[in-house]
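In our numbering, the protein residues as written are -6 to 67.
#1: Straight-line CA distance for residue 16 to residue 40?
#2: On the three-state DSSP scale, how would you describe residue -4?
#3: Alpha carbon to alpha carbon, how far is residue 49 from residue 42? Give it in angstroms, no decimals.
#4: What does the Cβ neighbour count give for residue 35, buried or exposed, with the cut at 16 atoms within 10 Å?
Structure below.
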């Protein structure tokens, strides 16, 4: 199996406290051809949108299992 992050972004819309409660809402509106899109939103306790995220990822099965393994750092 081959997995990779192809692109990601984070936008801050307004100031907020990082030491207070935040809700992270995540959805994946589409996936096609071994690629998927995830998008998220951060909301403050009172429902104000303070940041948005997107990430495009690749997930595919390598038929002969020849994907290059990357050893984990110790």
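Positions of the beta carbon are idealized from the N, C-alpha and C atoms, including for glycine.
For clarity, every value in this text was computed on a predicted model and none was experimentally measured.
Reading it off the structure:
#1: 9 angstroms
#2: strand
#3: 21 angstroms
#4: buried
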